[in-house]
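Residue numbers (our numbering): 27 to 150.
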């Protein structure tokens, strides 16, 4: 299974980002091979709908689970549409620690939006 985490920089020791659609990177961890890869978030500068575009980007890497700080309504719809599962983290830990928290069953699954819709890049 592939798990994606929002990241501030490259690799498993990066700090988990506090944004989903506008995260700098996503670290994708494969639980079968125990390998990870980092992909740049090409959706981060979109004027609107970055969360949904980010989900589409992650679907191309066959991600099944996304670990996020928040998830807006469009991103929730995209996660459901691509049959992914989303889990919420609250602490700004490393990507590795965030994945370990998920594997230990410490993160709560997101089924509905955790935040209101944003106005794209105008969000403060």
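Every residue, glycine too, gets a C-beta built ideally from N, C-alpha and C.
Here the structure is a predicted model, which is why all the values come from computation and not from measurement.
Check, Outcome
"Any 3 or more C-beta pairs closer than 8 Å across the stretch 94-113 and the stretch 122-137", "yes"
"Rounded distance between the beta-carbons of residue 90 and residue 79, thought under 8 Å", "Wrong, their Cβ atoms sit about 18 Å apart, outside the cutoff."
"Residue range of the unbroken alpha helix (DSSP H) whose run includes residue 8", "Within the shown structure, residues of the chain are numbered from 27 to 150, placing residue 8 beyond reach of any answer."
"Residue 43 classed as buried or exposed, judged by whether at least 16 other C-beta atoms fall within 10 angstroms", "buried"
"Outcome for residue 116 when other beta-carbon atoms lying within 10 angstroms are tallied against a minimum of 16", "exposed"
"Close Cβ partners of residue 58 (< 8 Å) along its chain, the five nearest in sequence each way excluded", "27"
"8 Å CB neighbourhood of residue 148 in its chain, flanking five on each side removed", "Because the pLDDT of residue 148 is 46, which lies under 50, any placement of that residue in the model is unreliable, and the number read from its coordinates should be weighed accordingly. Nothing listed; no residue qualifies."
"Local conformation of residue 93 per DSSP, three classes", "strand"
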